[in-house]
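Residue numbering for the sequence shown follows this note's numbering, beginning at 10 and increasing consecutively. Ideal Cβ positions, reconstructed from N, Cα and C, are used throughout, including at glycine. Data block below; observations after.
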Amino acid sequence: MGLAEFQAYGYFILIAILVIALYAYIYHLYTARKDVDGHDYEEYANLALHDDITDTPVSAISKDKVPFEGEKINRRDI
Numbered sequence: 010m011g012l013a014e015f016q017a018y019g020y021f022i023l024i025a026i027l028v029i030a031l032y033a034y035i036y037h038l039y040t041a042r043k044d045v046d047g048h049d050y051e052e053y054a055n056l057a058l059h060d061d062i063t064d065t066p067v068s069a070i071s072k073d074k075v076p077f078e079g080e081k082i083n084r085r086d087i
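Now the structure itself:
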């Protein structure tokens, strides 16, 4: 087995590993759409298209409940 044949096998194995890793990452993104806090960040996809000042916000926060410093707001409670 010459060097060129060894490089060809190595290249093929590297590309196969990268393709498998890419598909595993895409599968991970679609199965775990929500993060720990329960946010679905796919709703932010059109944010760049709808960024005018008169557009409705993606996720509105109520001004009635003001969090303490360091307290995290859970959007499901609003």
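Report task. Over the uninterrupted alpha helix (DSSP H) stretch that includes G19, give me the two end residues. Result -> The sequence position of residue 19 within the sequence shown is 10, counting from 1. From DSSP, the alpha helix (DSSP H) with G19 extends over 12-40.
Report task. Give the single residue among Y18, A41, P66 whose Cα lies nearest to the Cα of Y53. Result -> Reading the sequence shown from its first residue, position 44 is the one you call residue 53. Out of Y18, A41, P66, P66 has the C-alpha closest to the C-alpha of Y53.
Query raised in the report: In three-state DSSP terms, what is A57?
Result: Here residue 57 refers to the residue found at position 48 when the sequence shown is read from its first residue. Reduced to three states, the DSSP call for A57 is coil.
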